[in-house]
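Position 59 of the sequence shown, counted from 1, bears residue number 60 in the working numbering, the numbering being contiguous throughout. C-beta: ideal position from N, C-alpha, C; glycine also.
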Amino acid sequence: MAGRTATATGIAGWLRNMRIAGRLWIAFGLLLALLVVQGAIGAFGLNRMQDDVGSMAGTARLAVFAKDLEARLVNQRVHGRDYLNTGNPASLDRQRALRDSFNKVLADNRAAIAASPSAAKFAELARLHADYHDQFEAVAEARQRFDRIVQDRLDENGGRVAALLDQIVAAARASGTGEAALLALDADRQWSQLRFQAGRAVGLKDAKAAPLVDPLAERLAKALQPLETMLNGPAAAALSEVGRRAGDFRAAVPDALAVDADIARRTAAAVRTVGQLTETIEAIVAAARADQDAIAAAAAEQATAGMRLSVLLGLLSVLLGAAAAVLIARSIIGPVTGIRKVMADLSDGHLTVTVPHTDAGDELGDMARAVAAFKDEAVEAVRSRIALDRVATNIMMADPDGVITYCNDSILKMFKAAEADLQAWLPGFDSGRLIGRNFDEFHRDPSHQRRILATLTQTYVGSAKAGGHTFRVVASPVIGRHGERLGTVVEWRDLTEELAIEEEISRMVDEAVRGDFTRRIALDGKTGFFRIVSEGINTLAANVENVTEELASMLEALSQGDLTRRIDREYEGVFQRLRDDFNNTVSRLSDTVRRIDAAAAAIATASREVAAGSIDLSERTEQQASSLEETAASMEQLAATVRSNAENAQQVNSFAIEARAAAARGGEVAGNAVSAMQRIEHSSQKISDIIGVIDEIAFQTNLLALNAAVEAARAGDAGRGFAVVAQEVRQLAQRSAQASREIKALILDSGSQVREGVDLVRSAGATLTGIVAGIGRVADLVAQIAHASAEQTAGLDEVNTAIAHMDEMTQKNAALVEESTAAAKSLEEQAQELRAQMGFFILDQGAAAHRSAA
Numbered sequence: 002m003a004g005r006t007a008t009a010t011g012i013a014g015w016l017r018n019m020r021i022a023g024r025l026w027i028a029f030g031l032l033l034a035l036l037v038v039q040g041a042i043g044a045f046g047l048n049r050m051q052d053d054v055g056s057m058a059g060t061a062r063l064a065v066f067a068k069d070l071e072a073r074l075v076n077q078r079v080h081g082r083d084y085l086n087t088g089n090p091a092s093l094d095r096q097r098a099l100r101d102s103f104n105k106v107l108a109d110n111r112a113a114i115a116a117s118p119s120a121a122k123f124a125e126l127a128r129l130h131a132d133y134h135d136q137f138e139a140v141a142e143a144r145q146r147f148d149r150i151v152q153d154r155l156d157e158n159g160g161r162v163a164a165l166l167d168q169i170v171a172a173a174r175a176s177g178t179g180e181a182a183l184l185a186l187d188a189d190r191q192w193s194q195l196r197f198q199a200g201r202a203v204g205l206k207d208a209k210a211a212p213l214v215d216p217l218a219e220r221l222a223k224a225l226q227p228l229e230t231m232l233n234g235p236a237a238a239a240l241s242e243v244g245r246r247a248g249d250f251r252a253a254v255p256d257a258l259a260v261d262a263d264i265a266r267r268t269a270a271a272v273r274t275v276g277q278l279t280e281t282i283e284a285i286v287a288a289a290r291a292d293q294d295a296i297a298a299a300a301a302e303q304a305t306a307g308m309r310l311s312v313l314l315g316l317l318s319v320l321l322g323a324a325a326a327v328l329i330a331r332s333i334i335g336p337v338t339g340i341r342k343v344m345a346d347l348s349d350g351h352l353t354v355t356v357p358h359t360d361a362g363d364e365l366g367d368m369a370r371a372v373a374a375f376k377d378e379a380v381e382a383v384r385s386r387i388a389l390d391r392v393a394t395n396i397m398m399a400d401p402d403g404v405i406t407y408c409n410d411s412i413l414k415m416f417k418a419a420e421a422d423l424q425a426w427l428p429g430f431d432s433g434r435l436i437g438r439n440f441d442e443f444h445r446d447p448s449h450q451r452r453i454l455a456t457l458t459q460t461y462v463g464s465a466k467a468g469g470h471t472f473r474v475v476a477s478p479v480i481g482r483h484g485e486r487l488g489t490v491v492e493w494r495d496l497t498e499e500l501a502i503e504e505e506i507s508r509m510v511d512e513a514v515r516g517d518f519t520r521r522i523a524l525d526g527k528t529g530f531f532r533i534v535s536e537g538i539n540t541l542a543a544n545v546e547n548v549t550e551e552l553a554s555m556l557e558a559l560s561q562g563d564l565t566r567r568i569d570r571e572y573e574g575v576f577q578r579l580r581d582d583f584n585n586t587v588s589r590l591s592d593t594v595r596r597i598d599a600a601a602a603a604i605a606t607a608s609r610e611v612a613a614g615s616i617d618l619s620e621r622t623e624q625q626a627s628s629l630e631e632t633a634a635s636m637e638q639l640a641a642t643v644r645s646n647a648e649n650a651q652q653v654n655s656f657a658i659e660a661r662a663a664a665a666r667g668g669e670v671a672g673n674a675v676s677a678m679q680r681i682e683h684s685s686q687k688i689s690d691i692i693g694v695i696d697e698i699a700f701q702t703n704l705l706a707l708n709a710a711v712e713a714a715r716a717g718d719a720g721r722g723f724a725v726v727a728q729e730v731r732q733l734a735q736r737s738a739q740a741s742r743e744i745k746a747l748i749l750d751s752g753s754q755v756r757e758g759v760d761l762v763r764s765a766g767a768t769l770t771g772i773v774a775g776i777g778r779v780a781d782l783v784a785q786i787a788h789a790s791a792e793q794t795a796g797l798d799e800v801n802t803a804i805a806h807m808d809e810m811t812q813k814n815a816a817l818v819e820e821s822t823a824a825a826k827s828l829e830e831q832a833q834e835l836r837a838q839m840g841f842f843i844l845d846q847g848a849a850a851h852r853s854a855a
């Protein structure tokens, strides 16, 4: 026990003569060592964790970058598909620009890609992207070849051959040769069918139509061959050009189909490459996610191990710290308690006390020796007075009655600078004679000031206005050691200039809120911070004014339809983004207006073509109606002739028993009958020719309806209504053709019977000398003639009915054609009105200058 006490006493003596810093270093040395170890472990763990976080961030950026590449690839495919569907060069240009942007992004991130585990996959991605665009460029080149074949060979030859065939048909009719006219019409019909099937094969990709092209071309050649010997002059030259152009048209169809097949094959290859691109991107993203998961698992394991080691070292630090605290506290608390008691006595004014522990060699001994010199604090008070005189803060002191006892140099300078203004407000104010005067002289209401100072227990902050100046006043009570009020210390600050600047800034901000950025803060008399702030606010207002004025000018031009104006001045930050967004908006609006104007022009052109076709169809329909009227008149005449023939036959039958006595008169009647039969035969031939013309008109109407349907299909939705009308016209033409064929069959049958009657009458005239002997046979023949005439009458009535029905259908066709013409003209007017509306916008600098000059 005694040994322990001696040991403790020895340690206490050793600690007594040791500096407190040494004790603390010994006590906390071990703690610091443990903390250093713990910190090193923590730093190592944090470093590892930082590396893991950096790796995870890198892999995350890699995955986001891969997804961005995938989105860019999708945009390229969208514009590429738009080009293949529409042939719009702008889509191809946009697709190529996106390709260059894709390659630039890869090049900009080359360093990050090379450092990533997926560098090989990115190299494969770049290769596949280059392959895809090589394939797409080949597709674009094939598409251009396809368009050239369609435009230069199919469309050009198609329209030219149709016009030439119209000339050939007209020349064949003018030649007066019925066979040439029929061959020309047949060639025109074969060409229309050939052109229709070629359009289906090339334009609609109809596989069933392609095999029909060559047979139709051969039939066209067969139809044209006989015409070479029948026509001459311009018609022969037109016929030669038709043969040459039709051959080129025929050869262009398989060429176009071959190019189209090549486009499909190359497009499929490009699609496969895009699939490989997508798979490569997904593989990169999957690899990045796998790396993130592995890094996260390793980081979690490291964090757990570091946490366990930190807890162990923390517990050891707590134990060592507690032991050191007990020893050091015992060596410090005793001396500190004694010194504190002495200092309390000294603060109470007991300056004769003896300070203990002045012989100790530590900081407490130093403190004791310092307390022994406490009596010398009067010197320190003088030093404090000098310091107050030198500080830049405006300090004033007053006793409890408010009498000023001290003013430092700063406050005297402040009052001296404002002395003239204060004298105007407080007559008799003198900055050189403030000490000894009362606070009341600074206020017009002294009672209020006395109440504030009398009840002041803590710092009071207020303001005072005098002589046009505004002062910030901070008053603090001065309390003695025993709680008695010793006086008041007051800090003064002149806020006049600062408030004036605040007022200027406030007015300028108010004007800016109301949209006026022309106001500026005057810089005269301002220095330092206030001048810097004023210049900065003026610069800000000037920048905002420039931006708003330029934007207002651009919007005014935009409201007047001028789409050529752009903001060219360079800005920074949000102003630059506002400039870019405005310019991009105007550019997109300009592109939209151009497209609408082009579409309106195309609609107007198509509607004019449809209207012209409808007018032509209307004229042909009117010709058909006129021909039907003539046919109806001829049929009425024929019917009257047949009825007369029937009546004559009945008379012949009734007079047959008197034939012997009236042989001479019978011969005359027979002659009349022969003449009548000849007229009937001639009329039947005319009717047959008329029916042929009707059949030709029906065929031409059918072709026109077919061509109108094709043009309506090309026009899309705009021609859908006209396509329905064209289909109805085609059906009516087919019905007219069928009716004409039936009428022709009836006429042929009637002509056969008429020729038979002619032969019989001629035979009767030849054997008139033996009429008496053969009266019975003649009577039978006359009865047969009467019966045949009755049947002819009935047949002619049916023909008249059919012709009347055809005339009714033709009138309806004419009405439909007029409606189609009106619809086409209305569509053209609407397209022109749309173009007029689009004309409000100015899309080029020349038009803008012209409008400005106007």
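When DSSP reads this structure, I843 sits in a beta bridge with D563. For F123, same chain residues with a beta-carbon under 6 Å away, outside a window of 5 residues either side, are I114 in chain order. Under the DSSP assignment, I396 falls in the beta strand (DSSP E) whose first and last residues are 395-399.
Taking the Cα of D153 as reference, the smallest distance to any Cα among A253, Q168, A171 is reached at A253.
Per the DSSP secondary-structure output, A476 pairs in a beta bridge with Y461, V491. For R144, same chain residues with a beta-carbon under 8 Å away, outside a window of 5 residues either side, are Y84, L85, G88, I264 in chain order. Judged by their CB atoms, L213 and Q198 are nearer to each other than the 7 Å cut-off.
For I169, the uninterrupted alpha helix (DSSP H) run begins and ends at 157-175, by DSSP.
Around the C-beta of G537, fewer than 16 other C-beta atoms lie within 10 Å, and the residue is accordingly described as exposed.
With a cut-off of 8 Å on Cβ pairs, the stretch 69-81 is in contact with the stretch 273-284, counting three or more such pairs.
For Y407, the enclosing beta strand (DSSP E) has its first and last residue at 405-408. Here L313 is exposed, its C-beta having fewer than 16 other C-beta atoms within 10 Å.
As computed with DSSP, R486 is found in a beta bridge with I480.
Taken through DSSP and simplified to helix, strand or coil, N544 comes out as helix. N439 has V404 as its beta-bridge partners, per DSSP. Between I568 and N585, the C-beta gap is not smaller than 7 Å, which leaves the two residues out of contact. With respect to the 7 Å criterion, Y407 and M415 are not classified as neighbours on the basis of their beta carbons. With distances taken between CA atoms, S535 lies nearest to I502 out of I502, G562, F576. The distance from the Cβ of A202 to that of L258 is about 7 Å, consistent with a contact at the 8 Å cut-off. Nearest C-alpha to F472 among D94, P401, N801, V491: V491. Ranked by how close their Cα comes to the Cα of E648, the residues V548, A634, I786 have I786 in first place. Around A284, the same chain offers K122 as residues with beta carbons nearer than 7 Å, after the five sequence neighbours per side are excluded.
Around S477, the same chain offers T460, V490 as residues with beta carbons nearer than 6 Å, after the five sequence neighbours per side are excluded.
In this structure, the beta-carbon distance from I169 to A182 does not fall below 7 Å. Here S635 carries a helix assignment [DSSP, helix/strand/coil].
Membership of V151 in any alpha helix (DSSP H) is not indicated, and neither H nor E is assigned to it by DSSP. R266 sits away from A139, with the two beta carbons spaced by 7 Å or more. Taking 7 Å as the cut-off, the beta carbon of L240 is found no closer than this to the beta carbon of L217. The continuous alpha helix (DSSP H) containing E219 extends over residues 214-225. Under the three-state reduction of DSSP, A208 is assigned to coil, being neither helix nor strand. In the assembly as shown, E229 is an exposed residue. Its beta-carbon has fewer than 16 other beta-carbons within 10 Å.
Approximately 5 Å separates the beta-carbon atoms of A271 and F137; this is inside 8 Å, confirming the contact. Here L221 is buried, its C-beta having at least 16 other C-beta atoms within 10 Å.
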